[in-house]
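Asker:
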Amino acid sequence: MASCWYAVFCAILGLCLGQYKPDLVSSLPGLSEVPAFQQWSGYLPAGPGQYFHYWFAESQGNPAADPVVLWLNGGPGCSSMEGFLAENGPFHLHDNGTLYLNPDSWNKVANMLYVESPGGVGYSYAMAYGNPVAEENYQALQSFFTKFPDFAQNDFYVFGESYGGIYVPTLTAKIVKGSAAINLKVKIAKLQEVLLTSRLGQGLRACCLGKAFS
Numbered sequence: 001m002a003s004c005w006y007a008v009f010c011a012i013l014g015l016c017l018g019q020y021k022p023d024l025v026s027s028l029p030g031l032s033e034v035p036a037f038q039q040w041s042g043y044l045p046a047g048p049g050q051y052f053h054y055w056f057a058e059s060q061g062n063p064a065a066d067p068v069v070l071w072l073n074g075g076p077g078c079s080s081m082e083g084f085l086a087e088n089g090p091f092h093l094h095d096n097g098t099l100y101l102n103p104d105s106w107n108k109v110a111n112m113l114y115v116e117s118p119g120g121v122g123y124s125y126a127m128a129y130g131n132p133v134a135e136e137n138y139q140a141l142q143s144f145f146t147k148f149p150d151f152a153q154n155d156f157y158v159f160g161e162s163y164g165g166i167y168v169p170t171l172t173a174k175i176v177k178g179s180a181a182i183n184l185k186v187k188i189a190k191l192q193e194v195l196l197t198s199r200l201g202q203g204l205r206a207c208c209l210g211k212a213f214s
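The following block contains the structure:
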């Protein structure tokens with residue numbers, strides 16, 4: 001009887017994780033600690049001849065309920081592996097190149113998806129060019145949720161930095177206008193508050209007034 005239940009459990013597990021398994025990362029060189037989360041890395045079709053490299057790290061909290069957060073580094077042409085390995089990702093690098101767990105990783109509270117975009121950036125590659133990056137990011141995102149359907153109902157957020165200030169709103173607009181079933185959540189800060197309180201706002205005011213800014 002026990003073996004029967006075990007077989008059923010394995011079958012259910014296979015149904016749930018079968019699509020993930022080819023991209024599952026089971027070990028990493030130079031990492032002495034065992035992560036308390038699952039992670040996957042591979043490629044997402046992003047249109048004809050476009051294949052975007054991704055790395056997806058499950059939340060260390062409650063993966064089934066925590067939001068999915070897409071992170072896009074800017075540039076343009078900057079790899080999102082910088083965010084993954086040097087900023088808010090689950091791992092950081094020692095000076096000798098070995099890995100250690102980042103105690104301040106965003107995947108403490110969210111399922112983190114890092115995508116190298118557009119084609120030609122990092123490990124992403126393209127055999128054809130021509131589509132707007134927003135369209136390619138949108139296609140890659142749909143490919144992600146096809147691979148990981150269990151996360152399609154989670155709240156979804158788009159974050160980025162630098163030229164991500166172009167990638168994030170253009171992709172968000174595609175999601176809002178598109179037909180893909182993505183549970184997008186958008187939080188908009190008041191621009192006036194941002195400009196009055198942030199270093200960015202101080203810099204903009206200084207430039208407009210012709211004053212030096214440090």
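Using UniProt numbering, the letters of the sequence shown correspond one by one to residues 1 to 214. C-beta: ideal position from N, C-alpha, C; glycine also.
Who are the Cβ neighbours of Leu-85 in its own chain at under 7 Å, not counting the five residues just before and after it?
Answerer: Numbered from 1 along the sequence shown, position 85 holds the residue referred to as residue 85. Result list for Leu-85: Phe-91, His-92 and Leu-93, in chain order.
Asker: In terms of residues, what are the limits of the beta strand (DSSP E) holding Pro-45?
Answerer: One-based indexing of the sequence shown puts residue 45 at position 45. From DSSP, the beta strand (DSSP E) with Pro-45 extends over 39–45.
Asker: Return the chain-ordered ranges of every beta strand (DSSP E) run that is complete within the segment 130–184 and spans a minimum of 3 residues.
Answerer: Qualifying beta strand (DSSP E) stretches, in chain order: 156–160.
Asker: Over the uninterrupted alpha helix (DSSP H) stretch that includes Ala-57, give me the two end residues.
Answerer: Mapped onto the sequence shown, residue 57 falls at position 57. Per DSSP, Ala-57 belongs to no alpha helix (DSSP H); it is in the beta strand (DSSP E), 50–57.
Asker: Going by DSSP in three states, Asn-111 sits in which element: helix, strand or coil?
Answerer: By one-based count along the sequence shown, residue 111 stands at place 111. Strand.
Asker: From the DSSP secondary-structure annotation, give me the bridge partner or partners of Phe-84.
Answerer: Locating residue 84 in the sequence shown gives position 84, counting from the first residue. Looking at the DSSP assignment, Phe-84 forms no beta bridge with any residue, so it has no partner.
Asker: From Trp-40 to Leu-24, what does the alpha carbon distance come to, in whole angstroms?
Answerer: Taking the sequence shown and counting its residues from 1, one reaches residue 40 at position 40. Taking the sequence shown and counting its residues from 1, one reaches residue 24 at position 24. Computed Cα separation, rounded: 4 Å.
Asker: Quick check: what's the CA-CA separation for Gly-42 versus Ala-173?
Answerer: Looking up residue 42 in the sequence shown gives position 42. Looking up residue 173 in the sequence shown gives position 173. Distance between the alpha carbons of Gly-42 and Ala-173 is about 26 Å.
Asker: If you draw a straight line from the alpha carbon of Pro-103 to that of Leu-31, how long is it in whole angstroms?
Answerer: Here the question's residue 103 lines up with position 103 in the sequence shown. Here the question's residue 31 lines up with position 31 in the sequence shown. For Pro-103 and Leu-31, the distance between alpha carbons rounds to 14 Å.
Asker: Mind checking Val-176: buried by the 16 CB within 10 Å criterion, or exposed?
Answerer: Walking along the sequence shown from the start, residue 176 turns up at place 176. Val-176 is exposed by the Cβ-count criterion.
Asker: My assumption, with CB atoms under 8 Å, is that Tyr-51 sits in contact with Ser-124. Please give the rounded CB distance.
Answerer: As a first step, residue 51 is located in the sequence shown; it is residue number 51 there, counting from the start. As a first step, residue 124 is located in the sequence shown; it is residue number 124 there, counting from the start. Indeed, because the Cβ distance is near 6 Å, the residues count as touching under 8 Å.
Asker: What does the alpha-carbon distance come out to for the pair Leu-141 and Glu-135?
Answerer: For this step, residue 141 is matched to residue 141 along the sequence shown. For this step, residue 135 is matched to residue 135 along the sequence shown. Cα to Cα, Leu-141 sits roughly 10 Å from Glu-135.
Asker: Contact check, Ala-110 vs Val-69 under 8 Å by CB: the rounded distance?
Answerer: Within the sequence shown, numbered from 1, the residue matching residue 110 stands at position 110. Within the sequence shown, numbered from 1, the residue matching residue 69 stands at position 69. Rounded, the Cβ-Cβ distance is 5 Å, consistent with contact.
Asker: Using DSSP's beta-bridge definition, name the partner residues of Tyr-100.
Answerer: In the sequence shown, the residue the question calls residue 100 occupies position 100. BP columns for Tyr-100 point to His-92.
Asker: Short check: CB of Tyr-167 to CB of Leu-72, under 8 Å?
Answerer: One-based indexing of the sequence shown puts residue 167 at position 167. One-based indexing of the sequence shown puts residue 72 at position 72. In this structure, Leu-72 lies closer than 8 Å to Tyr-167 by Cβ.
Asker: Taking C-beta to C-beta, are Gly-97 and Gly-160 nearer than 8 Å?
Answerer: The residue you call residue 97 lines up with position 97 of the sequence shown. The residue you call residue 160 lines up with position 160 of the sequence shown. In this structure, Gly-160 does not lie closer than 8 Å to Gly-97 by Cβ.
Asker: Can you pull the DSSP bridge partners for Trp-71?
Answerer: Against the sequence shown, residue 71 aligns to sequence position 71. In the DSSP output, where bridge partners are listed per residue, Trp-71 has Tyr-114 and Phe-159.
Asker: Measure the beta-carbon distance from Val-121 to Gly-61 and round it to whole angstroms, keeping in mind my assumption that it falls under 8 Å.
Answerer: The residue you call residue 121 lines up with position 121 of the sequence shown. The residue you call residue 61 lines up with position 61 of the sequence shown. Between Gly-61 and Val-121 the Cβ distance is about 30 Å, and since that is not below 8 Å, they are no contact.
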